[in-house]
Amino acid sequence: MQSKIAFFLVLILTAPVAAAQSAVPRLNRHPAVEIDVPGNPDESWRSMDERPHCSFAPTETAFERHRVPKITEERHSWSAVAWRGERAHAQVLVWSKKPLSQLRADPAPLTNSAGGTIPATAMRIRFVRYVLSELPPGSRKSHCEEIDQQTAFLVPDMLDPAARFDIPGSTTRPVWITIDVPPNTGPGLYKGTVRFKAESGFDQALTLQLEVQGGVVPAPADWAFRVDFWQNPWAVAHQHRLVPWSEAHLAVLREHLRVLADMGQTYVSAYITHSPWKDDTYVPDATMVEWVRQPDGSYTFDYRVFDTYVELAMSCGINDAISCFTMLPWNGRIRYLDAATGEYVWANWATNSSEYAKFWRGFLADLRKHLTSRGWFQKTYLEVNERSLEDTLRAIQIARADSPEWKLTYAGNHHAEFVEPIDDLCTVLGSETPGPELQARRKRGQTSTFYVCCVPAVPNNFPFSPPVENVWMGWHAAAKGMDGFLRWAWDNWPADPILDSRHVRFPAGDTFLVYPGPLASVRMELMRQGFVDFEKIRILRARLAHGSEPKAREAMARLDQTIELFSWERVQNTSGSLIGEDLRAAREALAAASQAAF
Numbered sequence: 004m005q006s007k008i009a010f011f012l013v014l015i016l017t018a019p020v021a022a023a024q025s026a027v028p029r030l031n032r033h034p035a036v037e038i039d040v041p042g043n044p045d046e047s048w049r050s051m052d053e054r055p056h057c058s059f060a061p062t063e064t065a066f067e068r069h070r071v072p073k074i075t076e077e078r079h080s081w082s083a084v085a086w087r088g089e090r091a092h093a094q095v096l097v098w099s100k101k102p103l104s105q106l107r108a109d110p111a112p113l114t115n116s117a118g119g120t121i122p123a124t125a126m127r128i129r130f131v132r133y134v135l136s137e138l139p140p141g142s143r144k145s146h147c148e149e150i151d152q153q154t155a156f157l158v159p160d161m162l163d164p165a166a167r168f169d170i171p172g173s174t175t176r177p178v179w180i181t182i183d184v185p186p187n188t189g190p191g192l193y194k195g196t197v198r199f200k201a202e203s204g205f206d207q208a209l210t211l212q213l214e215v216q217g218g219v220v221p222a223p224a225d226w227a228f229r230v231d232f233w234q235n236p237w238a239v240a241h242q243h244r245l246v247p248w249s250e251a252h253l254a255v256l257r258e259h260l261r262v263l264a265d266m267g268q269t270y271v272s273a274y275i276t277h278s279p280w281k282d283d284t285y286v287p288d289a290t291m292v293e294w295v296r297q298p299d300g301s302y303t304f305d306y307r308v309f310d311t312y313v314e315l316a317m318s319c320g321i322n323d324a325i326s327c328f329t330m331l332p333w334n335g336r337i338r339y340l341d342a343a344t345g346e347y348v349w350a351n352w353a354t355n356s357s358e359y360a361k362f363w364r365g366f367l368a369d370l371r372k373h374l375t376s377r378g379w380f381q382k383t384y385l386e387v388n389e390r391s392l393e394d395t396l397r398a399i400q401i402a403r404a405d406s407p408e409w410k411l412t413y414a415g416n417h418h419a420e421f422v423e424p425i426d427d428l429c430t431v432l433g434s435e436t437p438g439p440e441l442q443a444r445r446k447r448g449q450t451s452t453f454y455v456c457c458v459p460a461v462p463n464n465f466p467f468s469p470p471v472e473n474v475w476m477g478w479h480a481a482a483k484g485m486d487g488f489l490r491w492a493w494d495n496w497p498a499d500p501i502l503d504s505r506h507v508r509f510p511a512g513d514t515f516l517v518y519p520g521p522l523a524s525v526r527m528e529l530m531r532q533g534f535v536d537f538e539k540i541r542i543l544r545a546r547l548a549h550g551s552e553p554k555a556r557e558a559m560a561r562l563d564q565t566i567e568l569f570s571w572e573r574v575q576n577t578s579g580s581l582i583g584e585d586l587r588a589a590r591e592a593l594a595a596a597s598q599a600a601f
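Quick note: our numbering has the sequence shown finishing at residue 601, numbered continuously throughout.
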């Protein structure tokens, strides 16, 4: 519900959890409260009976905190299909007219008739927390202008692993169930239960049924799908109240990077210029390379932070590529330390200036030498993104003049001039690389991806977006013949993201997917699900391409037809509910093709 002024804090009971034997400093603001937004009450609560209610609900749908769910018949059983090594999700809604204290869930192992078991330890139960947004759940609007923070709505997004939760009266609480199917699980039908209990005597058993198919989802490090979520390690230090690059900061970063690696992350975000964007984030992306201008006019470069972060990310499983931001800082702004005065100096060098060319020629030679000495040069990309065509072409020319071996990555609108020289080309949804150009790039061994940011409004990954739009990204990549997906911010948080996802310059949640802690979000879990679907499609296409039985070829043809539904043109004229219908049809076709293949 909307409010112009008042916010109230509702106390939430969280059980104490024993600290793990780890050097990781615990987030000192783990929320004991959740912001509430008062508004006109849902009159449906008045006509409800006094008992608590509990039902499975679609994971691709968001449910409002103060609304009675529009569920005509409670569902106490859930069924799904998954491959071995896949992650399956279920959503349970608990709603009650009266307060419900110490709500908790107790999962039991899933077993099959042959004696196979998916242990209860493979299941995670997380309570979905509500955060503030300037737009309501299901909104299909967004823009890249200043945000009105006088309006607020509650949207469900953050996943809290608290052992138990208090549910205020006349509210709805989603609960997220995750099952990580072990890769060595035998195919078959597995059944089990999860029991919800509360202090009042509430006790409801729900049935889980999971059909495990013969396919195996590769580990994220082995995905062909390329994932690029830009990181800001200084924001992690700020939110956790730590000194950047201290041992405590590195310990927290390690936990965040492991979660990112589990998303299939391909690229290490390495900053070679200070605050390369417009200083419009709460914590700027600082440089990992200190540029020092010596009294004689020469430059030296300190790579210690750069090396520390790259080594840390690689140790966490992100070791395919390094993205260096950027040869094209916004407004041509460059910062260096003047050794003679001890002061930082800002210079603005246009790409057609002699200063720009001279500096970058010297720095690129030094950077190349350093990367080569570390064995990283062949996996490093220079970023040349979101600038004018002319500026980008000049940067490309300077880089290739230093060495034709430099790899280049670009994110922005499609330009035909970039199709050949850019090694990793990422175009914004709605301005994507055409099919023939994609095919030509693939033959040359180049990669092509797409991204969303504060635009387009639909589909997108905001906390207020219909959740199904997160899954759509992986299916669209499969439909378009792309290699992956990019989003500009993994952890560039606003002031207090655990309570409020709004930003003064960007739509709510546009600047992050993960929460401090790290705590997962509904958005990132569903997005990852779409990436896994892409991998399954890739594996099935390879397996069923030649020599398959007619029935298998027919199943694959049906799957290919449903994949075509996930186009930019269709989504512009499709409601969130119709995207959900498309996804359900596609999932059925995916399961049928999997059954035929294994």
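Where is the CB? At the ideal position from N, CA and C, for every residue including glycine.
Count the other CB atoms within 10 Å of the CB of A592; is the residue buried (16 or more) or exposed (fewer)? For this step, residue 592 is matched to residue 589 along the sequence shown. Only buried fits A592, as 16 or more other CB atoms lie within 10 angstroms of its CB.
Residues sharing a beta bridge with A60, DSSP: Numbered from 1 along the sequence shown, position 57 holds the residue referred to as residue 60. Under DSSP, A60 shares a beta bridge with Q94.
Take P459 and list the residues in its own chain whose beta-carbon comes closer than 7 Å to its own, dropping the five residues that flank it on each side. Residue 459 sits at position 456 when you count from the first residue of the sequence shown. L432 and G433, listed in sequence order.
Exposure of H549, with buried meaning 16 or more beta-carbon neighbours within 10 Å: Taking the sequence shown and counting its residues from 1, the one referred to as residue 549 is at position 546. Looking at its Cβ environment, which holds fewer than 16 other Cβ atoms inside 10 Å, H549 is exposed.
Own chain partners of G484 with C-beta closer than 6 Å, once the 5 adjacent residues on each side are dropped: In the sequence shown, the residue the question calls residue 484 occupies position 481. Residues of the same chain with a CB within less than 6 Å of the CB of G484, apart from the 5 flanking positions on each side, are L441 in chain order.
Can you list, in chain order, the stretches of the alpha helix (DSSP H) that have 4 or more residues and sit fully within the stretch 562-601? Segments of the alpha helix (DSSP H) lying fully in the stretch 562-601: 571-574 and 579-600.
DSSP three-state call for W409: helix, strand or coil? Residue 409 sits at position 406 when you count from the first residue of the sequence shown. Looking at W409 - three-state DSSP - the assignment turns out to be coil, as it is neither helix nor strand.
By alpha-carbon positions, which one of W233, S551 and K554 ends up nearest to R490? One-based indexing of the sequence shown puts residue 490 at position 487. When the alpha-carbon of R490 is set against those of W233, S551 and K554, the nearest one is in W233.
Name the two residues that bound the continuous beta strand (DSSP E) containing R490. Counting from one through the sequence shown, the residue named residue 490 turns up at place 487. R490 -> beta strand (DSSP E) spans G487 to R490.
Rounded straight-line distance, which links the Cα of V271 to that of F328: Taking the first residue of the sequence shown as position 1, residue 328 is located at position 325. Taking the first residue of the sequence shown as position 1, residue 271 is located at position 268. In a straight line, the C-alpha of F328 is about 10 Å away from that of V271.
Please identify the residue among R561, T114, L162 and I275 whose C-alpha is closest to the C-alpha of V215. If you number the sequence shown from 1, residue 215 lands on position 212. Measuring from the Cα of V215, the nearest candidate turns out to be T114.
Along the chain, which unbroken stretches of the alpha helix (DSSP H) at least 4 residues long are found entirely within the stretch 283-362? Entirely contained in the stretch 283-362, the alpha helix (DSSP H) runs reaching 4 residues are, in chain order, 307-318.
Checking the sheet assignment: what are the DSSP bridge partners for V215? What you label residue 215 is simply residue 212 of the sequence shown in a count that begins at 1. Its beta-bridge partners are A85 and G191.
Identify every residue that forms a DSSP beta bridge with K200. Counting from 1 along the sequence shown, the entry for residue 200 is found at position 197. The bridge partners DSSP lists for K200 are R107 and D206.
Count the other CB atoms within 10 Å of the CB of A596; is the residue buried (16 or more) or exposed (fewer)? Along the sequence shown, read from residue 1 onward, the residue named residue 596 stands at position 593. Buried is the label assigned to A596, since at least 16 other Cβ atoms lie within 10 Å of its Cβ.
Could you say if the stretch 132-145 and the stretch 96-109 meet the contact criterion of at least three C-beta pairs nearer than 8 Å? By the C-beta criterion, the stretch 132-145 is judged not to be in contact with the stretch 96-109, since fewer than 3 inter-stretch pairs fall below 8 Å.
Rounded to the nearest angstrom, what separates P221 and G88 at their Cα positions? Your numbering for residue 221 matches position 218 in the sequence shown. Your numbering for residue 88 matches position 85 in the sequence shown. Approximately 7 Å between the Cα atoms of the pair.
What whole-angstrom Cβ distance do T514 and T284 have, given they're in contact under 8 Å? For the purposes of this step, residue 514 is taken as residue 511 along the sequence shown, with counting starting at 1. For the purposes of this step, residue 284 is taken as residue 281 along the sequence shown, with counting starting at 1. Contact flag correct, Cβ pair sits at about 6 Å.
Reference T154, options R336, E389, R505 and F601, closest by Cα: For the purposes of this step, residue 154 is taken as the residue at position 151 of the sequence shown. Comparing alpha carbon positions, the residue from R336, E389, R505 and F601 closest to T154 is R505.
May I ask you to verify whether the stretch 568-575 touches the stretch 249-268, counting CB pairs closer than 8 Å and requiring at least 3? No, the stretch 568-575 does not touch the stretch 249-268.
According to the Cβ coordinates, are R508 and E149 closer than 8 Å? Here residue 508 refers to the residue found at position 505 of the sequence shown. Here residue 149 refers to the residue found at position 146 of the sequence shown. In terms of Cβ geometry, R508 and E149 form a close pair [threshold 8 Å].
For G141, which option in A481, P470, P61 and D585 has the closest C-alpha, if you only look at C-alpha atoms? On the sequence shown, position 138 is the one that residue 141 refers to. Nearest option by C-alpha distance: P470.
Give the C-beta separation of V286 and N235 to the nearest angstrom, bearing in mind that I take them to be a contact with Cβ-Cβ under 8 Å. Stepping through the sequence shown from its first residue, residue 286 is reached at position 283. Stepping through the sequence shown from its first residue, residue 235 is reached at position 232. Going by Cβ atoms, the distance from V286 to N235 rounds to 6 Å, so yes, they are a contact pair.
In angstroms with no decimal places, state the Cα-to-Cα distance between L374 and M317. Sequence index remark: in the sequence shown, residue 374 carries index 371 (1-based). Sequence index remark: in the sequence shown, residue 317 carries index 314 (1-based). For the pair L374 and M317, the Cα-to-Cα distance works out to about 14 Å.
Determine the direct distance from the alpha carbon of H69 to that of G602, and round the result to whole angstroms. Nothing can be reported for residue 602: it is not among the residues displayed for the chain, which extend from 4 to 601.
Bridge partners - P177, DSSP secondary structure assignment: On the sequence shown, residue 177 is found 174 positions in, with the first residue counted as 1. Bridge partners of P177: L96.
Between which two residues does the alpha helix (DSSP H) containing M476 stretch? Reading the sequence shown from its first residue, position 473 is the one you call residue 476. For M476, the uninterrupted alpha helix (DSSP H) run begins and ends at V471 to K483, by DSSP.
Reduced DSSP category for V20 - H, G, I as helix; E, B as strand; rest coil: As a position in the sequence shown, residue 20 is number 17, starting the count at 1. Below a pLDDT of 50, predicted positions are generally treated as unreliable, and V20, at 31, falls in that range; the measurement from the model is reported next regardless. Three-state result, V20: coil.
For the candidate residues Y454, S524, A419 and P223, whose alpha-carbon lies nearest to that of R444? Along the sequence shown, read from residue 1 onward, the residue named residue 444 stands at position 441. The candidate whose alpha carbon is nearest that of R444 is A419.
Candidates T577, M476 and R544: which alpha carbon is nearest R561's? By one-based count along the sequence shown, residue 561 stands at place 558. Checked all of T577, M476 and R544; the closest Cα to R561 is R544.
Can you tell me which of the three DSSP states P497 falls into? On the sequence shown, position 494 is the one that residue 497 refers to. It is coil, neither helix nor strand.
Pairwise C-alpha distance: K101 and R530: Counting from one through the sequence shown, the residue named residue 530 turns up at place 527. Counting from one through the sequence shown, the residue named residue 101 turns up at place 98. Here the sequence assigns Met to residue 530, which means Arg is not the residue at that position. Rounded to whole angstroms, the separation of the alpha carbons of K101 and M530 is 35 Å.
Short check: CB of T124 to CB of A93, under 8 Å? Taking the first residue of the sequence shown as position 1, residue 124 is located at position 121. Taking the first residue of the sequence shown as position 1, residue 93 is located at position 90. In this structure, T124 lies away from A93, with their beta-carbon atoms at least 8 Å apart.
Identify whether D503 lies in helix, strand or coil by the three-state DSSP scheme. Start at 1 with the first residue of the sequence shown, and residue 503 comes out as number 500. Look at D503 here: in three-state DSSP terms it is strand.
Take the Cβ of P44 as the centre, count every other Cβ of all protein chains shown within 10 Å, and call the residue buried at 16 or more, exposed below. The residue given as residue 44 occupies position 41 in the sequence shown. Exposed is the call here.
When DSSP builds the beta bridges, which residues end up paired with R229? In the sequence shown, the residue the question calls residue 229 occupies position 226. Beta bridge pairing from DSSP links R229 with G487.
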